[in-house]
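Please read the structure below before turning to the comments.
Residue numbers (the working numbering): 45 to 285.
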């Protein structure tokens, strides 16, 4: 039960109020931890977004260069194919021409076409490799884009969590003010009351166990310790039920 008091009245309600303060303190500390973790999450999300943005920009740059390389490989293949056609036509002309001009054209045509054939093989292989690299870079860019979207959503969730934690902290402060007015206790006094209550219950339990095991004579050994406590308790006002 919460009620206004000028201080501690020695009643069971005081202990209940102190325990309420203790629960409030645990909840407030837990919410403060949530806020700190949320703040770290937001900060980490911001760093990750910056890194992802840089990685995505690099991927786009690589994709552009790879696309240019693919276009250059394609143009090289087309040029070699045209040279092969020219060399073939030269060979056909050489076959129709008279010796020794025709024979020379055939030899030149065969040599050029052989070299062009090897160049075409290399150009097609290069074009294939560049195409595969371009596809891989494109897939990487898509994954980075998805990761960026996920990171943005995670950062937004972290920011919402931080805002909710801050709002809860404000609510705890308001509740603390109202609780102080209702109970007449401050957090430190409530903490001390709760600790003393726990220790008193522990002492009572230990003394009961000692009496059950050894009888009342066992208290004599504790006389020097219990006498000051008994005097302190006798000086306290009678506790309310």
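By construction, the Cβ of each residue, glycine as well, lies at the ideal position given by its N, Cα and C atoms.
Helix, strand or coil at residue i [DSSP, three-state]
i, result
"residue 141", "coil"
"residue 52", "Residue confidence is low: residue 52 scores 44 on pLDDT, short of 50, so the model does not pin down where it sits. No coordinate-derived value is stated."
"residue 47", "Confidence at residue 47 is low in this model, with a pLDDT of 41, below 50, so the placement of that residue should be treated as unreliable; the coordinate-derived value is given next. Three-state DSSP puts residue 47 in coil, outside helix and strand."
Residue from the options whose Cα sits closest to the Cα of residue i
i, options, result
"residue 203", "84, 75, 186, 115", "84"
"residue 104", "184, 190, 271, 251", "184"
"residue 64", "272, 257, 220, 245", "220"
"residue 82", "197, 209, 257, 271", "209"
"residue 123", "164, 143, 88, 94", "164"
"residue 77", "205, 200, 256", "205"
"residue 106", "245, 168, 181, 192", "181"
"residue 92", "197, 224, 271", "197"
"residue 200", "74, 87, 73", "87"
"residue 290", "212, 195, 207, 272", "The shown model of the chain, from 45 to 285, leaves out residue 290, and the question about it has no answer."
"residue 157", "171, 128, 168", "128"
"residue 155", "171, 130, 211, 207", "130"
"residue 192", "94, 72, 79", "94"
"residue 115", "188, 271, 248, 171", "171"
"residue 160", "140, 126, 179, 247", "126"
"residue 102", "189, 144, 73, 139", "189"
"residue 8", "254, 212, 207, 245", "Because residue 8 is not part of the residues shown, which for the chain are 45 to 285, the question remains open."
Three CB pairs or more closer than 8 Å across the region 148-163 and the region 132-140: yes
Could you say if the region 84-100 and the region 119-128 meet the contact criterion of at least three C-beta pairs nearer than 8 Å? no
Touching by the beta-carbon criterion (3+ pairs, under 8 Å), the region 169-176 and the region 104-118: yes
Taking 8 Å as the cut-off, does the region 203-216 touch the region 64-77 (at least 3 CB pairs, one atom from each stretch)? yes
Report the residue ranges of all alpha helix (DSSP H) runs contained in full by the region 154-216; include only those spanning at least 4 residues, in chain order. none
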